[in-house]
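Under this note's numbering, think of the first position of the sequence shown as 15, with each following residue one higher.
Take a look at the structure set out below.
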Amino acid sequence: MEDKMSFIPKKTIGQPERRRAGSLGSFILLSVFLSLISGASWGALLMYKQALGDNIEQLGSSLKRQRESFETETLSEVVTFSKKIELVRNLAGKHVAVSGVFDFLQDFTVREITYGDMSLTLSPDGGPALSLTGAASGYPALAVQSGVFEKNSFVKSSSFSNLAADPRGGIKFNLKLNLKPEVIKYNP
Numbered sequence: 015m016e017d018k019m020s021f022i023p024k025k026t027i028g029q030p031e032r033r034r035a036g037s038l039g040s041f042i043l044l045s046v047f048l049s050l051i052s053g054a055s056w057g058a059l060l061m062y063k064q065a066l067g068d069n070i071e072q073l074g075s076s077l078k079r080q081r082e083s084f085e086t087e088t089l090s091e092v093v094t095f096s097k098k099i100e101l102v103r104n105l106a107g108k109h110v111a112v113s114g115v116f117d118f119l120q121d122f123t124v125r126e127i128t129y130g131d132m133s134l135t136l137s138p139d140g141g142p143a144l145s146l147t148g149a150a151s152g153y154p155a156l157a158v159q160s161g162v163f164e165k166n167s168f169v170k171s172s173s174f175s176n177l178a179a180d181p182r183g184g185i186k187f188n189l190k191l192n193l194k195p196e197v198i199k200y201n202p
């Protein structure tokens, strides 16, 4: 069988075959758009890096000028003065204000009690230990005074001894009083 060859086209000539150009065009458009965005981002980052470098240089030179403006002699004087202030604070914190004992006796002594001789020593914990001689108008005044000392938070211990009648009608006594260190602590 012979193959017949024909010169007559089987398809119509007036209409060319259509290709799907829409999908290829949008791909090209998307790739161009992404290229432009990445290029713009790269340029912005490059300018930001340059600005940061300039800012670092300016801050470094400013810091150098500030360091040079400080005088080392002035700084050493300030440090020495600061150490002296700290030393004074430490000394003031350890200072003993004996006037606190007199304030305590004035504030917490019953009106019918008077004191004579007084001896003051510091106990091992730093609190004042007092030995006093005194006179009271009577035994009820001594009882009230003993109660005042027992209730007081600054008194560690109190002891009345050698009670004796006074020729004028009162009672003579000896008092040992141990107070807490807060009584003589210096408070500027």
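Note that CB positions come from ideal geometry on N, CA and C, so glycine has one too.
Exercise. Counting only runs that start and end within the stretch 54-117, where is the alpha helix (DSSP H) found for 4 or more residues in a row?
Worked result: For the stretch 54-117, whole alpha helix (DSSP H) runs of length 4 or above, ordered along the chain, are 86-108.
Exercise. Who are PHE187's beta bridge partners in DSSP?
Worked result: One-based indexing of the sequence shown puts residue 187 at position 173. Beta-bridge pairing links PHE187 to GLY148.
For this session: Quick one: using the 10 Å Cβ neighbour count with 16 as the cut-off for buried, is ALA58 buried or exposed?
Result: For this step, residue 58 is matched to residue 44 along the sequence shown. Answer is exposed; the Cβ neighbour count stays below 16.
For this session: Can you have a look at SER150 and say buried or exposed, based on whether 16 or more other CB atoms are within 10 angstroms of its CB?
Result: Here residue 150 is taken as the residue at index 136 of the sequence shown, counted from 1. Strictly speaking, residue 150 in this sequence is Ala, with Ser absent from that position. Of the residues assessed, ALA150 falls on the buried side of the cut-off, its CB having 16 or more other CB atoms within 10 angstroms.
Exercise. Using the beta-carbon count (16 or more within 10 Å), is GLN120 buried or exposed?
Worked result: Within the sequence shown, numbered from 1, the residue matching residue 120 stands at position 106. Burial state of GLN120 is exposed, judged by a 10 Å Cβ sphere holding fewer than 16 other Cβ atoms.
Exercise. Should LEU73 be labelled buried (16 or more other beta-carbon atoms within 10 Å of its own) or exposed?
Worked result: To locate residue 73, count along the sequence shown from 1; it is residue 59. The residue in question, LEU73, is exposed, as its Cβ has fewer than 16 Cβ neighbours within 10 Å.
Problem set entry | Residue range of the alpha helix (DSSP H) that includes VAL162 | Within the sequence shown, numbered from 1, the residue matching residue 162 stands at position 148. VAL162: member of the alpha helix (DSSP H) spanning 153-165, first to last residue.
Exercise. Any idea which residues DSSP pairs THR128 with across the strands?
Worked result: To locate residue 128, count along the sequence shown from 1; it is residue 114. Its beta-bridge partners are ALA149.
Exercise. Straight-line CA distance for ARG81 to SER90?
Worked result: Start at 1 with the first residue of the sequence shown, and residue 81 comes out as number 67. Start at 1 with the first residue of the sequence shown, and residue 90 comes out as number 76. When only Cα atoms are considered, ARG81 and SER90 end up about 14 Å apart.
Problem set entry | Cutoff 8 Å; reference SER137; Cβ partners in own chain excluding five residues on either side | Within the sequence shown, the letter at position 123 stands for residue 137. The residues are ALA143 and ASN192.
For this session: Please state whether DSSP places PRO138 in a helix, a strand or coil.
Result: Numbered from 1 along the sequence shown, position 124 holds the residue referred to as residue 138. If DSSP states are grouped into helix, strand and coil, PRO138 belongs with coil.
Exercise. When the Cα atoms are used, what is the spatial distance from ARG103 to HIS109?
Worked result: Along the sequence shown, one-based indexing puts residue 103 at 89. Along the sequence shown, one-based indexing puts residue 109 at 95. Straight-line Cα distance between these residues: approximately 10 Å.
Exercise. Do you know offhand how far LEU60's Cα is from LYS98's?
Worked result: The residue you call residue 60 lines up with position 46 of the sequence shown. The residue you call residue 98 lines up with position 84 of the sequence shown. Distance between the alpha carbons of LEU60 and LYS98 is about 54 Å.
For this session: In angstroms with no decimal places, state the Cα-to-Cα distance between ASP117 and THR86.
Result: Within the sequence shown, numbered from 1, the residue matching residue 117 stands at position 103. Within the sequence shown, numbered from 1, the residue matching residue 86 stands at position 72. Per the coordinates, the alpha-carbon of ASP117 lies some 49 Å from the alpha-carbon of THR86.
For this session: Could you please give the first and the last residue of the uninterrupted beta strand (DSSP E) stretch that includes PHE122?
Result: Residue mapping note: residue 122 aligns to position 108 of the sequence shown, counting from 1. Run containing PHE122: none; DSSP gives neither H nor E here.
Exercise. Ordered along the chain, which non-local residues of its own chain (more than five positions away) have a Cβ less than 7 Å from that of PRO195?
Worked result: In the sequence shown, the residue the question calls residue 195 occupies position 181. For PRO195, same chain residues with a beta-carbon under 7 Å away, outside a window of 5 residues either side, are ASP139, GLY140 and GLY141 in chain order.
Exercise. Cβ of SER173 within 9 Å of Cβ of LYS186?
Worked result: Residue numbering aside, residue 173 sits at position 159 when the sequence shown is read from its first letter. Residue numbering aside, residue 186 sits at position 172 when the sequence shown is read from its first letter. Not a contact, by the Cβ cut-off of 9 Å.
Exercise. Where does the unbroken beta strand (DSSP E) through VAL197 begin, and where does it stop?
Worked result: Your numbering for residue 197 matches position 183 in the sequence shown. No beta strand (DSSP E) holds VAL197; DSSP gives it neither H nor E.
For this session: Could you give the DSSP three-state label for PHE168: helix, strand or coil?
Result: Translated into positions along the sequence shown, residue 168 becomes position 154. Three-state DSSP puts PHE168 in coil, outside helix and strand.
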